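Trainee: After the structure tokens below, expect a handful of questions from me.
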Amino acid sequence: MNDIHILPTSERKQLAELLALGSAADAMVAYYALDHSGDRVTLYTHGPENSLPRAFLVMARTGLDLFRPLVVPFVGQAESLEALLQAALKPEMPVLLDLPIGQKSWAQEIVDLEGVKDAELLRLDVSIFVPQINVLVVESITPDGWPRFEIRSGEVLQAAAGLNWMGEHFAEVYIEADPVAVTRGFHMAVLSMMANHLLADRIIALYRAVDDDSEGRAEAMKMGFRTTGIRLFTAQATLVQESEKTEV
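Each number in the working numbering comes from the position in the sequence shown (counting from 1) with 167 added on.
The following block contains the structure:
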């Protein structure tokens with residue numbers, strides 16, 4: 168692991184040279200590497216010291232999970248992923264791992280994966296998107312200062328759309344809703360309002376359509392989201408111990 172280094176966040180902007188900042192494929196890792204709060208990230212790089220790294224990994228504390236840090240590698244080779252995960256993860260310390268599906272087999276050589284969620288990344292097509300106006304939708308602001316759109320019945324939350332992260336060009340949206348709200352289309356109403364709000368700031372909404380929610384994918388496509396061809400997975404990952412590797 169001689170080629171593994173911890174990059175000070177004061178030097179993080181150099182990682183932009185490895186990324187396509189206008190691409191949806193690199194949008195998430197770009198946000199966590201370049202823009203997430205510096206006191207909540209640790210950056211591991213793979214490559215010779217004092218030169219541009221060939222790969223890197225971001226370990227971030229987020230509001231997504233208070234107990235498991237989010238780990239987002241940016242790698243092009245299995246050996247880089249192995250070196251970075253071995254350096255960043257501790258035995259018996261579960262993390263949330265996010266990677267392209269094409270790199271899942273690489274990860275499985277290094278970590279145990281649980282609760283795997285495969286998904287397709289959708290991108291809002293602004294040329295066909297027509298916002299839905301629903302007077303029941305109310306905007307609020309999260310502790311991070313990000314927008315959130317909700318429909319409530321009294322104090323009961325029925326549907327909400329929020330952000331997993333928001334960068335300069337893209338933001339990943341999520342929706343939550345109770346079953347009755349879904350039948351009334353409230354989940355799509357809050358999603359539409361969020362997408363439109365982001366557009367006003369010249370930010371394109373991205374949405375993860377998980378493989379076991381074909382109906383949700385179809386509804387998002389009807390609204391104006393289109394496939395990017397990018398497939399990802401998220402899972403809880405725990406470092407495989409050497410003793411486990413050698414067991415027959």
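Glycine residues also receive a C-beta, built at the ideal position from the N, C-alpha and C atoms. These figures come from a predicted structure and were not determined experimentally.
Quick check on DSSP: helix, strand or coil for ALA187?
Mentor: coil
Trainee: Less than 7 Å separating the beta-carbons of GLN426 and ASP311?
Mentor: As shown, the chain starts at 168 and ends at 415. That puts residue 426 outside it, with no answer to give.
Trainee: Suppose the cutoff is 8 Å on Cβ atoms and the five residues either side in sequence are ignored; what does the same chain contact list for ALA285 look like?
Mentor: Per the sequence presented here, residue 285 reads as Asp, with Ala not at that position. The answer, listed in chain order, is ILE268, VAL377, ASP378, ARG398, LEU399 and PHE400.
Trainee: Classify ILE308 as buried or exposed, calling it buried when 16 or more other Cβ atoms lie within 10 Å of its own Cβ.
Mentor: By the 16-neighbour rule on beta-carbons within 10 angstroms, ILE308 is exposed.
Trainee: Which of the three DSSP states is assigned to TRP332 in this structure?
Mentor: strand
Trainee: First and last residue of the beta strand (DSSP E) that includes THR401?
Mentor: 392-406
Trainee: Nearest-angstrom Cα distance between MET260 and LEU365?
Mentor: 36 Å
Trainee: Using the Cβ count rule (16 or more neighbours within 10 Å means buried), how would you classify THR413?
Mentor: Annotation note: pLDDT 49 at THR413 (below 50); position unreliable, no value reported.
Trainee: Spatial neighbours of LEU291 within its chain, please: C-beta separation below 7 Å, excluding the five flanking residues on both sides.
Mentor: ALA362, ILE371, ALA372, GLY391 and PHE392
Trainee: Based on the DSSP output, what are the partners of SER320 in its beta bridges?
Mentor: VAL323
Trainee: Let's see if you can read the secondary structure: which residues bound the beta strand (DSSP E) around HIS213?
Mentor: 208-213
Trainee: Ignoring anything shorter than 3 residues, give me the beta strand (DSSP E) runs that lie fully in the region 276-310, in order along the chain.
Mentor: 278-291 and 305-308
Trainee: Relative to the alpha-carbon of ALA192, which residue among SER218, PRO240 and MET226 has its alpha-carbon at the smallest distance?
Mentor: For ALA192, the nearest C-alpha among the options comes from PRO240.
Trainee: Could you give the C-beta distance for PRO258 and GLN403, rounded to a whole number, given that I count them as a contact under 8 Å?
Mentor: Not really, about 15 Å apart at Cβ, beyond 8 Å.
Trainee: Please name the residue in THR405, SER320 and GLU306 whose C-alpha comes closest to that of SER359.
Mentor: GLU306
Trainee: Runs of 3 residues minimum, wholly inside the region 216-242: which ones carry the beta strand (DSSP E) assignment?
Mentor: 222-227 and 237-241
Trainee: Mind the definition here: the region 245-254 touches the region 269-281 only if three or more C-beta pairs lie below 8 Å; say whether that holds.
Mentor: yes
Trainee: If we call anything under 7 Å between Cβ atoms a contact, is VAL302 one with VAL357?
Mentor: no
Trainee: Exposed or buried, PHE223, counting other C-beta atoms within 10 Å across all chains shown (16 or more means buried)?
Mentor: In the assembly as shown, PHE223 is a buried residue. Its beta-carbon has 16 or more other beta-carbons within 10 Å.
Trainee: If you draw a straight line from the C-alpha of MET355 to the C-alpha of ALA255, how long is it?
Mentor: 38 Å
Trainee: Would you report the Cα separation of VAL283 and PHE316, rounded to the nearest angstrom?
Mentor: 28 Å
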